[in-house]
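Comments concern the structure below.
4 protein chains.
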Amino acid sequence: MKPTEQLLTDILEEVRPLIGKGKVADYIPALAKVSNQKLAMAVYTNDGEVIKSGDADEAFSIQSISKALSLTLAMVLYKPEEIWDRVGKEPSGQAFNSMIQLEMEQGIPRNPFINAGAIVVADLLSSRLSAPRQRLLEFARQLSGDTHIVYDKVVAASEMMHSDRNAAIAYLMRAFGNFDNDVIPVLNNYFHACALKMSCVDLAKTFSYLANKGVSVQTGKQIVTPTQTKQLNALLATCGLYDGAGEFAYRVGMPGKSGVGGGIIAIVPGEMTIAVWSPELDPSGNSLAGTQALELFSEKIGRSIF
Amino acid sequence: MKPTEQLLTDILEEVRPLIGKGKVADYIPALAKVSNQKLAMAVYTNDGEVIKSGDADEAFSIQSISKALSLTLAMVLYKPEEIWDRVGKEPSGQAFNSMIQLEMEQGIPRNPFINAGAIVVADLLSSRLSAPRQRLLEFARQLSGDTHIVYDKVVAASEMMHSDRNAAIAYLMRAFGNFDNDVIPVLNNYFHACALKMSCVDLAKTFSYLANKGVSVQTGKQIVTPTQTKQLNALLATCGLYDGAGEFAYRVGMPGKSGVGGGIIAIVPGEMTIAVWSPELDPSGNSLAGTQALELFSEKIGRSIF
Amino acid sequence: MKPTEQLLTDILEEVRPLIGKGKVADYIPALAKVSNQKLAMAVYTNDGEVIKSGDADEAFSIQSISKALSLTLAMVLYKPEEIWDRVGKEPSGQAFNSMIQLEMEQGIPRNPFINAGAIVVADLLSSRLSAPRQRLLEFARQLSGDTHIVYDKVVAASEMMHSDRNAAIAYLMRAFGNFDNDVIPVLNNYFHACALKMSCVDLAKTFSYLANKGVSVQTGKQIVTPTQTKQLNALLATCGLYDGAGEFAYRVGMPGKSGVGGGIIAIVPGEMTIAVWSPELDPSGNSLAGTQALELFSEKIGRSIF
Amino acid sequence: MKPTEQLLTDILEEVRPLIGKGKVADYIPALAKVSNQKLAMAVYTNDGEVIKSGDADEAFSIQSISKALSLTLAMVLYKPEEIWDRVGKEPSGQAFNSMIQLEMEQGIPRNPFINAGAIVVADLLSSRLSAPRQRLLEFARQLSGDTHIVYDKVVAASEMMHSDRNAAIAYLMRAFGNFDNDVIPVLNNYFHACALKMSCVDLAKTFSYLANKGVSVQTGKQIVTPTQTKQLNALLATCGLYDGAGEFAYRVGMPGKSGVGGGIIAIVPGEMTIAVWSPELDPSGNSLAGTQALELFSEKIGRSIF
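Residue numbers (this note's numbering), protein chains in the order written: chain A, 4 to 309; chain B, 4 to 309; chain C, 4 to 309; chain D, 4 to 309.
Next comes the structure, spelled out in structure tokens:
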């Protein structure tokens with residue numbers, strides 16, 4: 004079955020009753036004040052067709068979804084061993100910001116999608132780029148074709164004021180020799196990446212290279228190699244949803260990446276990229292209605308990687 | 004590209020130089036004495052074609068590969084919640100027999116493919132089946148079409164003599180109320196499952212339902228539903244290779260399950276099931292040459308789930 | 004100031020209002036049914052004087068206090084290295100029955116007073132004594148001069164029925180090569196030791212050697228050397244009160260050993276042995292009113308080791 | 004037996020062969036370059052007599068011994084609950100700078116003598132004192148009667164350059180709401196305290212209040228109450244020697260505090276304070292020859308708290 008606007012609308016109506024049963028992220032005020040009623044879904048096919056429903060053109064804080072973008076940029080800039088000597092490829096089996104595992108494993112984060120790993124990626128980008136923040140923004144604008152994408156400065160500043168645990172993570176990695184730059188500027192870059200404001204349509208377009216063997220459907224450019232694409236999808240499938248990757252694979256069966264802003268992207272390799280948005284989260288920190296929407300989508304169109 | 008016997012032979016020759024660089028499992032004598040020179044690969048397509056090379060008809064100890072078979076049987080016998088209330092679906096992020104996580108998570112194993120989880124599955128089978136050991140053997144014989152499959156009694160007895168850690172795991176789960184039967188008989192069943200002797204051809208045929216929406220290609224029977232098939236593949240993809248699932252996904256990109264006997268099965272949903280065997284293991288406990296053979300196979304035939 | 008019966012009575016009245024604010028151990032029925040109103044204190048001076056108040060002649064389940072007796076017996080039977088190669092001398096910093104530390108530290112328990120350590124001691128006694136259970140009983144009878152001391156068979160049997168966690172501990176140590184005998188008989192001995200029924204007077208007399216350079220005041224016999232006495236007291240002071248050793252030292256300032264039956268023994272080296280009993284426990288598992296009674300006693304007589 | 008200069012000299016000769024069998028702390032160059040041949044012992048009796056031998060007048064980096072001084076100052080300035088709500092009184096059972104326990108226990112350090120706890124104490128001092136660094140220096144000068152005591156600025160600066168792990172600890176405590184001031188200035192104060200240069204004679208005099216019910220023998224002033232003195236000694240006895248407190252109690256049997264500079268202080272309550280110095284450390288981070296000297300001293304004069 005092919006996805007249609009009606010299908011997306013039906014799915015959103017079916018999951019809307021979940022609103023009120025999750026919890027909007029409230030560790031910073033700028034996220035807490037987002038309306039829990041927002042609900043959106045967008046599909047971008049490898050043919051370049053956009054199918055959308057709900058608040059799919061409204062920009063929101065993409066938060067950890069940015070980790071997939073930052074890792075892609077790092078994979079463009081660095082040789083594999085320069086990345087994978089400093090961060091692992093295995094699921095963490097622990098809360099996404101735990102320091103226990105980081106200490107036990109000598110400052111090498113489990114994967115690039117837990118906070119520690121994304122901070123290492125931010126450190127890598129800081130080492131090689133003269134203006135990493137500007138570069139990442141341009142990368143997002145180019146891939147989405149949306150030149151109005153901006154950083155939400157209030158969110159970035161607010162994250163910075165609640166950055167003690169991430170500072171602890173960065174300093175611990177420094178103590179193990181796995182952090183090269185000054186902690187504060189790197190964290191600032193990291194929080195800016197999390198504060199990117201993008202819509203579901205933006206996101207689906209941006210990550211289209213993951214569904215298309217590394218070629219951006221939007222720009223037609225080869226962003227990463229086919230092998231790197233497969234690697235990125237493998238990492239997303241095993242590590243992309245915090246401590247809920249197994250459950251997501253079991254229910255949805257697509258590589259994906261979530262953010263505490265309530266967005267999730269998911270990939271059907273060879274076919275399409277999907278983005279959903281619903282701000283309320285489940286206990287693992289993934290969008291409650293968003294996950295359910297993806298599960299329904301997977302069932303209804305009969306697609307999954309498994 | 005379609006797999007051929009020549010392709011498999013080429014791959015085995017390409018990986019053969021890895022022999023000598025891994026380590027045959029030696030925690031029990033019966034495994035330690037297996038020749039490290041063994042090398043085999045078999046493909047079973049959804050059309051019912053067998054393609055094989057090397058020692059593909061020689062039976063070996065399938066060890067943890069049996070966990071996928073036991074879980075399948077449990078999914079046939081139990082409602083989902085009866086299983087998933089007692090065992091999780093998330094990667095463990097720790098060594099496959101660690102008790103630390105089990106204690107922290109109150110006796111609920113992370114997933115059915117670490118030892119603790121497989122022991123819970125064995126406990127479930129013991130509760131519902133009058134002769135669980137016989138039933139599993141019949142299940143394997145039926146799915147493979149090979150009526151000569153047996154338990155290696157020497158291996159099972161030897162495992163039982165080195166079962167202290169698994170006994171500790173079972174007793175700890177009992178202390179948390181997550182174990183219903185007597186420990187020793189359940190462990191005995193568990194070790195017998197691990198001691199199944201099957202060839203690569205047997206294995207590829209046995210697990211054909213995972214590539215074929217739940218229908219065994221060998222028997223034509225529906226073993227599990229299409230949804231259960233997707234769920235099983237999702238669990239294999241995120242948890243099937245001990246603490247090397249992420250690396251395996253990154254390199255091979257297929258759902259799989261390994262055993263310390265050196266076997267690995269891998270699934271290309273909709274197309275085929277693959278089994279490899281090479282007794283030497285990498286540090287994660289997965290077949291060294293076997294993993295490499297699957298990576299090459301994935302590259303050469305251009306198939307992966309990502 | 005010298006202790007008198009009046010002093011003990013005054014102290015018991017002062018702490019009596021704490022009854023109702025703790026919690027009687029209820030993990031086995033035989034302990035749960037003990038009246039929470041019981042309150043007792045006994046002092047045995049190095050001159051052989053008994054001073055007592057409350058229910059000081061009523062026998063109760065000494066539980067973990069037996070660990071000090073078992074260790075003493077092991078130190079009589081074994082060379083130091085035969086003991087200390089198998090069990091440490093450091094506080095555990097974790098709940099008394101946690102397996103996390105035991106796994107991290109390769110099956111070597113932190114000290115002989117956590118469960119794992121006491122089970123190693125029980126294993127040692129089982130290896131060298133033909134009738135370890137009988138020998139320990141005789142040891143208690145001889146040291147206390149009370150020939151009526153018995154094992155509470157109901158308590159021992161009840162513990163055995165709730166022994167899953169301790170079985171897990173023993174099997175894990177076996178997996179690390181730190182357990183020599185069959186698990187079940189050793190646990191049975193261990194639970195019998197815990198099920199010794201002794202009164203405060205019995206206990207104060209029994210442990211008088213710890214206050215008297217190794218010589219039992221009751222029997223006049225040298226039980227352990229002066230150096231061993233100092234070592235035993237050092238272990239009691241740093242590890243004798245589960246995860247409340249620091250707090251106990253801070254408040255009471257005496258080497259001591261508690262049991263979940265609500266008993267505590269404490270030592271004033273060179274002067275006297277004290278035993279208290281009140282069944283309700285604080286969150287660390289130590290007698291709530293008993294600890295307070297010892298703190299008052301320490302203040303009023305102006306004695307502590309610090 | 005009373006201590007004499009000859010006794011100390013004999014003891015130093017007896018332990019001198021241990022030199023070469025330990026390891027001088029080398030995590031900062033300023034400590035690594037200290038001669039491993041240094042050996043010193045000083046006793047300060049409650050009568051005001053100084054007995055000394057070896058390099059007892061040579062100042063060295065007292066490192067963690069300063070934690071006992073800082074805690075004393077905090078106990079003078081704060082009510083008990085203001086301190087003990089923020090730091091525990093229990094041994095840690097883990098390496099002195101581990102973050103695992105700190106994370107598990109929600110940012111409350113186990114005791115004031117592990118790094119995390121001492122950093123909390125430094126945070127407390129920073130909150131209440133206008134010039135905490137100057138105040139601590141004056142405190143040491145006053146208690147020792149040695150007005151030439153200084154901070155080793157090279158050591159303090161060098162520690163600050165290797166402070167990543169301690170910064171991680173401080174930030175993690177901030178994330179849990181258990182740190183009030185800016186991280187860097189507090190760490191700077193903490194490292195200055197560690198960089199105090201004092202001799203064995205200075206140290207024995209400085210801590211004389213711990214042997215004399217809170218009254219400094221040197222100044223005749225009441226520094227802390229008798230109860231606080233008992234509490235400080237209890238904390239030293241259970242937590243003063245990193246992860247070697249149990250072993251130290253077992254062998255030496257005195258409250259004590261060690262530093263990675265190779266110094267140790269020990270207390271015989273009611274009688275004397277002892278300081279030793281030998282730069283080479285054992286695997287627990289305590290002076291190898293120094294511990295042995297204290298054990299011999301304890302045996303020869305027949306004193307211990309047990």
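Just so it is clear, CB atoms sit at the ideal spot from N, CA and C, and this is done for glycine as well. None of these values were measured; they are calculated from a predicted model.
If you compare the alpha carbons of A:Ser133, A:Leu213, A:Phe142, A:Gly180 with that of Ala196 of chain A, the shortest gap goes to A:Phe142. Residue-level contact check: Leu175 of chain C touches chain B, since one or more beta carbons of chain B fall below 7 Å from its beta carbon. For the options D:Val271, D:Lys260, D:Asp149, D:Glu108, the alpha carbon positioned closest to that of Asp88 of chain D is the one of D:Glu108. With a beta-carbon spacing of about 5 Å, Gln221 of chain B and Gly148 of chain B fall inside the 8 Å limit used to define contacts. Only buried fits Arg254 of chain A, as 16 or more other CB atoms lie within 10 angstroms of its CB. Under the Cβ distance rule, Ser290 of chain A does not count among the residues neighbouring chain B, no pair being separated by less than 7 Å. By the C-beta criterion, the region 180-192 of chain A is judged to be in contact with the region 118-128 of chain A, since at least 3 inter-stretch pairs fall below 8 Å. Annotated as distal: Ile117 of chain D and Ala173 of chain D, with beta-carbon spacing of 7 Å or more.
The C-alpha of Arg168 of chain C is placed about 10 Å away from the C-alpha of Ala119 of chain C. Looking at D:Gly256, D:Ser219, D:Cys242, D:Gly265, the one whose alpha-carbon comes closest to that of Asn49 of chain D is D:Ser219.
Per DSSP, the unbroken alpha helix (DSSP H) holding Ile14 of chain C starts and ends at 8-18. A residue is called buried once 16 or more other Cβ atoms fall within 10 Å of its Cβ, and Tyr30 of chain B, having fewer, is exposed. With contact defined as three or more Cβ pairs closer than 8 Å, the region 50-70 of chain C and the region 264-271 of chain C are in contact. For Lys233 of chain B, the secondary structure class from DSSP, reduced to helix, strand or coil, is helix. DSSP places Thr276 of chain B in the uninterrupted beta strand (DSSP E) bounded by 275-280. With fewer than three CB-CB distances shorter than 8 Å, the region 156-167 of chain A does not count as touching the region 148-157 of chain D. Of all C-beta pairs linking the region 43-61 of chain B to the region 266-280 of chain B, three or more are shorter than 8 Å, placing the two stretches in contact. Listed along chain C are Met102, Ile103, Leu105, Glu106, Ala171, Leu175, each with a C-beta nearer than 9 Å to that of Met102 of chain B.
Against Ala178 of chain C, the close residues of chain B are Asp167, Arg168, Ala171, in the order they occur along the chain (beta-carbon pairs closer than 7 Å). Cβ-Cβ distances below 8 Å link Ala35 of chain C to Val27, Ala28, Asp29 in the same chain, with the five nearest sequence neighbours on each side left out; the list follows chain order.
For Gln9 of chain A, the nearest beta carbon of chain B is not closer than 7 Å to its own beta carbon. Taking C-beta atoms as the reference points, Ser166 of chain B and Leu190 of chain B count as a pair closer than 7 Å.
Thr209 of chain D is not a Cβ neighbour of Thr241 of chain C, given a cutoff of 7 Å. Straight through space, the alpha carbons of Val204 of chain B and Glu8 of chain B are spaced by roughly 13 Å. Between Pro135 of chain B and Ala248 of chain A a beta carbon distance of about 31 Å is seen, past the 8 Å cut, so the two are scored as non-contacting. Contact annotation: in the region 233-246 of chain A, residues whose CB is within less than 7 Å of a CB in chain B are Lys233, Gln234, Asn236, Ala237, Leu238, Ala240, Thr241, Cys242, Asp246. The alpha-carbon of Leu140 of chain C is positioned some 52 Å away from that of Pro83 of chain B. By the neighbour-count criterion, in which 16 or more other beta carbons inside 10 Å mark a residue as buried, Glu250 of chain C falls on the buried side. If you check the CB distance, Leu21 of chain C and Leu299 of chain C do not come in under 7 Å. In this structure, Ile268 of chain B lies away from Ala214 of chain B, with their beta-carbon atoms at least 7 Å apart.
Contact check for Gly243 of chain A and Pro258 of chain A: beta-carbon distance about 6 Å, within the 8 Å limit, so the pair qualifies. Residue-level contact check: Tyr154 of chain C does not touch chain D, since none of the beta carbons of chain D fall below 7 Å from its beta carbon. Taking 7 Å as the CB threshold, Lys260 of chain C stays off the interface with chain D.
Asp246 of chain D is classed as buried because its beta carbon has at least 16 other beta carbons within 10 Å across all chains shown. Counted as a single uninterrupted DSSP element, the beta strand (DSSP E) harbouring Gly57 of chain B occupies residues 53-57.
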